[in-house]
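K.L.:
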Amino acid sequence: DAGVIQSPRHEVTEMGQEVTLRCKPISGHNSLFWYRQTMMRGLELLIYFNNNVPIDDSGMPEDRFSAKMPNASFSTLKIQPSEPRDSAVYFCASSKNRGQETQYFGPGTRLLVL
Amino acid sequence: KNEVEQSPQNLTAQEGEFITINCSYSVGISALHWLQQHPGGGIVSLFMLSSGKKKHGRLIATINIQEKHSSLHITASHPRDSAVYICAVGSSGDKLTFGTGTRLAVRP
Numbered sequence: 326d327a328g329v330i331q332s333p334r335h336e337v338t339e340m341g342q343e344v345t346l347r348c349k350p351i352s353g354h355n356s357l358f359w360y361r362q363t364m365m366r367g368l369e370l371l372i373y374f375n376n377n378v379p380i381d382d383s384g385m386p387e388d389r390f391s392a393k394m395p396n397a398s399f400s401t402l403k404i405q406p407s408e409p410r411d412s413a414v415y416f417c418a419s420s421k422n423r424g425q426e427t428q429y430f431g432p433g434t435r436l437l438v439l
Numbered sequence: 805k806n807e808v809e810q811s812p813q814n815l816t817a818q819e820g821e822f823i824t825i826n827c828s829y830s831v832g833i834s835a836l837h838w839l840q841q842h843p844g845g846g847i848v849s850l851f852m853l854s855s856g857k858k859k860h861g862r863l864i865a866t867i868n869i870q871e872k873h874s875s876l877h878i879t880a881s882h883p884r885d886s887a888v889y890i891c892a893v894g895s896s897g898d899k900l901t902f903g904t905g906t907r908l909a910v911r912p
């Protein structure tokens with residue numbers, strides 16, 4: 326299996342621009358997670374889906390952030406408009422089922438907002 | 805106070821040494837995870853455990869539910885073990901709460 330795939334791997338953009346991060350989970354996995362990692366706050370859960378349905382989005386920092394999962398093999402995390410404080414590494418992870426399961430992480434997208 | 809506390813924050817060891825990283829948590833959990841993040845940034849799940857002990861190669865993870873404490877041990881450490889080790893607890897559903905990580909450097 327190819328593992329969790331994320332794109333782009335690196336993104337540099339200017340403040341105010343829209344940013345879209347993409348994730349393809351491992352085939353057959355029913356849960357998908359979006360995380361953000363910064364030096365100051367470490368790893369934080371932003372939102373997670375189960376069977377394409379958002380279960381908990383309490384970690385989404387504000388309305389500028391939105392996430393979708395239109396089908397079992399694709400999810401997006403969108404920031405509009407982006408701000409410098411959004412600069413971070415964004416990880417997508419997937420797991421087979423709900424509940425406490427091993428999560429498989431993608432390589433991350435390193436975002437820099439100037 | 806963070807829900808998940810790790811110690812030490814930084815650790816330097818000589819190749820071959822036995823290493824212990826600790827994780828304490830303050831909430832009831834259904835499982836505890838140990839993750840490894842390499843210098844290149846990738847994150848790998850090492851263990852998920854809810855009781856007792858698990859072993860994989862030179863890595864051993866233990867958990868004491870009553871004391872709300874877990875340890876990750878590395879035997880015969882090697883420079884390729886240099887990474888950040890992250891403890892995470894799952895307390896409700898699928899959500900994980902992460903510790904701040906322990907940065908390990910193993911010198912040859």
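Note that the protein sequences, when read in sequence, are chains A and B.
Numbers in this note's numbering are just positions in the first sequence, counted from 1, shifted up by 325.
Numbers in this note's numbering are just positions in the second sequence, counted from 1, shifted up by 804.
Every residue, glycine too, gets a C-beta built ideally from N, C-alpha and C.
Can you pull the chain B neighbours of A:S356, defined as C-beta to C-beta under 9 Å?
P.N.:
Position 31 of the first sequence holds residue 356 of chain A. Within 9 Å Cβ-Cβ: D898.
K.L.:
Please determine, among B:S886, B:S895, B:S834, the residue with the shortest C-alpha to C-alpha distance to B:G845.
P.N.:
Residue mapping note: residue 845 of chain B aligns to position 41 of the second sequence, counting from 1. Here the closest residue by C-alpha is B:S886.
K.L.:
Bridge partners of B:D898, per DSSP?
P.N.:
Counting from 1 along the second sequence, the entry for residue 898 of chain B is found at position 94. Paired residue(s): none; B:D898 is not in a bridge.
K.L.:
List the whole-angstrom C-beta distance separating A:I404 from A:R423, where the pair is believed to meet the contact cut-off of C-beta under 8 Å.
P.N.:
Reading the first sequence from its first residue, position 79 is the one you call residue 404 of chain A. Reading the first sequence from its first residue, position 98 is the one you call residue 423 of chain A. Actually they are not in contact, since the Cβ atoms of A:I404 and A:R423 sit about 27 Å apart, beyond 8 Å.
K.L.:
Use the C-beta contact count for A:V378: other C-beta atoms within 10 angstroms, 16 or more gives buried, fewer gives exposed.
P.N.:
Walking along the first sequence from the start, residue 378 of chain A turns up at place 53. A:V378 should be labelled exposed.
K.L.:
Given a cut-off of 7 Å, decide if B:I825 and B:L876 are closer than it, judged by their beta-carbon atoms.
P.N.:
Here residue 876 of chain B refers to the residue found at position 72 of the second sequence. Here residue 825 of chain B refers to the residue found at position 21 of the second sequence. Yes, the Cβ-Cβ distance between B:L876 and B:I825 is below 7 Å.
K.L.:
Which bits of chain B does A:L436 rub up against, with CB to CB less than 8 Å?
P.N.:
By one-based count along the first sequence, residue 436 of chain A stands at place 111. In chain order: nothing, as chain B lies at least about 13 Å away.
K.L.:
Identify the continuous beta strand (DSSP E) that holds A:E369 and give its terminal residues.
P.N.:
As a first step, residue 369 of chain A must be located in the first sequence, where it is residue number 44. Per DSSP, A:E369 belongs to the beta strand (DSSP E) from 367–375.
K.L.:
Hey, could you find the ends of the beta strand (DSSP E) B:G856 is sitting in?
P.N.:
In the second sequence, counting from the first residue as 1, residue 856 of chain B sits at position 52. Counting along the chain, the beta strand (DSSP E) containing B:G856 begins and ends at 856–860.
K.L.:
Per the DSSP calculation, A:D382 is bridged to which residue(s)?
P.N.:
Your numbering for residue 382 of chain A matches position 57 in the first sequence. A:D382 pairs with nothing; no bridge assigned.
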